[in-house]
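For reference, the structure is listed below as structure tokens.
Protein chains in written order, with the UniProt record's numbering: chain A, 1 to 210; chain B, 1 to 210.
Here it is as structure tokens:
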């Protein structure tokens, strides 16, 4: 059963949780707030929407052959998911809000029509997918590094800004640890060790190379 | 210095190394064979091509703040890379053939023109990027799993075909180990343990769940 709580008419959080989306895409989207554990769609449902996640986390999971829970993707704020809905068919997994989540649902049919009719928009959409691919691939390489320190430094080098790789975690250090495939304790230890070694500086929430 | 060895006029390997590309994209591409270590492009070069990798591996790397080597992505056969070239600017990293590599170079300008003029092609291009995103995200989740056995089972569940998750490694088990963030020895041990536990069957090169 899908329980979607409609967003209030003048959502105060809308402005507070922008997606890095072209205005044309945002204009097509309908905002929805999901209570923790709510299924946004289930495997086998007709694929009718492409989603953006403005806030929270959404887990895309599937039941394995032996009945086990297979997480295919844990979508983070700022990302799209279910982009393949653009091409119809059915969802191959179930999407569930992990905590409270704010999603932007774009009807696949409207998106398809816009891609057909507006070449500039088609280029913007392609740029959006290419940027997500770049970030996801960098994350793969980071997770393949053996040492926790190397993963932290790789993050700042690839996602940080400016010469000193200034990087502001999107939410908590606990969430950052999960993103880096580390336990929170391992991340805290690693940050402290990098600071002692003079390789990292902490500037409020911002991490910087030095 | 970029040394690109032109492909012979009637390349016998062309048919042997197809890319999972729509014919319209393949028609725009120029095939190139790269000798090991050859730079396909360097950070700072004008971004003029989007690439597909038909065979081999290409490392996308950057020099870090402290002069260290940062691998941003290790492209595998069947994948695209440098998709952001479509939107102009300069390459942000250097691409280098790891062994011998066969690449398909698509001029960004021709690709942009085609995306503008051909809405069906724009949808095909979007589908290609969405499929790569799906696979790359599943790989992120797999690398976040602690146990080697869980990573192998996740691979078969997400990338395998049919009820028994039949999965044929793209090249060697050594390459598969790297893809799973494992040492070759750890992968061999894990496959043997899963077979003993009756959870995996090896059928020539094919791995199957049971």
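Quick reminder that beta carbons are idealized off the backbone N, C-alpha and C, glycines included. The structure displayed is predicted, hence computed values, not measured ones.
CA-to-CA distance, residue j to residue i, given in whole angstroms
i: residue 146 of chain A; j: residue 78 of chain A; result: 28 Å
i: residue 7 of chain A; j: residue 103 of chain A; result: Residue placement at residue 7 of chain A is flagged as unreliable, the pLDDT there being 46, under the threshold of 50; the coordinate-derived value follows with that caveat. Whole-angstrom Cα-Cα distance: 10 Å.
i: residue 76 of chain B; j: residue 58 of chain B; result: 7 Å
i: residue 50 of chain A; j: residue 173 of chain A; result: 29 Å
i: residue 86 of chain B; j: residue 67 of chain A; result: 42 Å
i: residue 131 of chain A; j: residue 83 of chain B; result: 9 Å
i: residue 175 of chain A; j: residue 34 of chain B; result: 41 Å
i: residue 41 of chain A; j: residue 136 of chain B; result: 21 Å
i: residue 99 of chain B; j: residue 134 of chain B; result: 27 Å
i: residue 56 of chain B; j: residue 101 of chain B; result: 4 Å
i: residue 167 of chain B; j: residue 192 of chain B; result: 16 Å
i: residue 205 of chain A; j: residue 162 of chain B; result: 47 Å
i: residue 105 of chain B; j: residue 143 of chain A; result: 29 Å
i: residue 24 of chain B; j: residue 22 of chain A; result: 27 Å
i: residue 119 of chain A; j: residue 26 of chain B; result: 21 Å
i: residue 74 of chain B; j: residue 65 of chain B; result: 20 Å
i: residue 186 of chain A; j: residue 177 of chain A; result: 8 Å
i: residue 96 of chain A; j: residue 139 of chain B; result: 20 Å
i: residue 117 of chain A; j: residue 171 of chain A; result: 38 Å
i: residue 107 of chain B; j: residue 115 of chain B; result: 12 Å
i: residue 180 of chain B; j: residue 194 of chain B; result: 16 Å
i: residue 150 of chain B; j: residue 141 of chain B; result: 11 Å
i: residue 211 of chain A; j: residue 28 of chain A; result: Any answer about residue 211 of chain A is impossible in this case: the structure gives chain A only from 1 up to 210.
i: residue 188 of chain A; j: residue 125 of chain A; result: 37 Å
i: residue 13 of chain B; j: residue 169 of chain B; result: With a pLDDT of 44 at residue 13 of chain B, under the threshold of 50, the modelled position of this residue cannot be trusted; read the value that follows with caution. If I take the Cα positions, the gap works out to 20 Å.
i: residue 127 of chain A; j: residue 20 of chain B; result: 21 Å
Of the listed residues the options, nearest to residue i (C-alpha basis)
i: residue 160 of chain A; options: A:203, A:116 and A:207; result: A:207
i: residue 18 of chain B; options: B:25, B:54 and B:50; result: B:54
i: residue 152 of chain A; options: A:105, A:200 and A:132; result: A:200
i: residue 209 of chain A; options: A:125, A:92, A:124 and A:165; result: A:165
i: residue 72 of chain B; options: A:203, A:176, A:155 and A:186; result: A:155
i: residue 91 of chain A; options: A:98, A:46 and A:124; result: A:46
i: residue 69 of chain B; options: B:43, B:139 and B:88; result: B:43
i: residue 183 of chain A; options: A:203, A:168 and A:148; result: A:148
i: residue 52 of chain B; options: B:80, B:107, B:188 and B:96; result: B:80
i: residue 61 of chain A; options: B:157, B:125, B:169 and B:179; result: B:157
i: residue 112 of chain B; options: B:194, B:203, B:97 and B:48; result: B:48
Environment of residue i [buried if 16+ CB atoms lie within 10 Å]
i: residue 63 of chain A; result: exposed
i: residue 197 of chain A; result: exposed
i: residue 30 of chain B; result: exposed
i: residue 190 of chain A; result: buried
i: residue 37 of chain B; result: exposed
i: residue 129 of chain B; result: buried
i: residue 122 of chain A; result: buried
i: residue 10 of chain A; result: Residue confidence is low: residue 10 of chain A scores 42 on pLDDT, short of 50, so the model does not pin down where it sits. No coordinate-derived value is stated.
i: residue 88 of chain B; result: exposed
i: residue 94 of chain B; result: buried
i: residue 32 of chain B; result: buried
i: residue 202 of chain A; result: exposed
i: residue 292 of chain A; result: Here chain A has residues from 1 to 210 only, and residue 292 of chain A is not among them.
Boundaries of the alpha helix (DSSP H) in which residue i is found, first to last residue
i: residue 117 of chain B; result: 108-117
i: residue 185 of chain A; result: 184-196
i: residue 154 of chain B; result: 148-159
i: residue 25 of chain B; result: 23-28
Beta strand (DSSP E) segment containing residue i, residue limits
i: residue 174 of chain A; result: Here residue 174 of chain A belongs to no beta strand (DSSP E); instead the alpha helix (DSSP H) covers 173-179.
i: residue 73 of chain A; result: 69-76
i: residue 39 of chain A; result: 39-41
i: residue 96 of chain A; result: 94-97
i: residue 208 of chain B; result: 206-209
i: residue 49 of chain B; result: 49-55
i: residue 203 of chain B; result: 200-203
Quiz item: Name the residues in the segment 115-126 of chain B whose C-beta lies less than 7 Å from a C-beta of chain A; which are they?
Solution: 115, 116, 119, 122, 123, 125 and 126
Exercise. Select from the segment 127-145 of chain A all residues with a C-beta closer than 8 Å to any C-beta belonging to chain B, and list them in chain order.
Key: 127, 129, 130, 131, 132, 133, 134, 136, 137, 138, 139, 140, 141, 143 and 144
Quiz item: Residues in the segment 75-87 of chain B with C-beta within 7 Å of chain A's C-beta atoms, listed in sequence order?
Solution: 83, 84, 86 and 87
Quiz item: If contact means a Cβ-Cβ distance below 9 Å, which residues of the segment 153-178 of chain A contact chain B?
Solution: 153, 154, 156, 157, 158, 163, 164, 165 and 178
Quiz prompt | Near-chain B residues of the segment 178-210 of chain A (beta-carbon distance less than 7 Å), N- to C-terminal order | solution = 181 and 209
Quiz prompt | Against chain B: residues of the segment 53-65 of chain A by CB proximity under 9 Å | solution = 60, 62, 64 and 65
Quiz item: In the segment 98-114 of chain B, which residues sit with their C-beta less than 9 Å from some C-beta in chain A, listed in chain order?
Solution: Flagged, chain order: 112.
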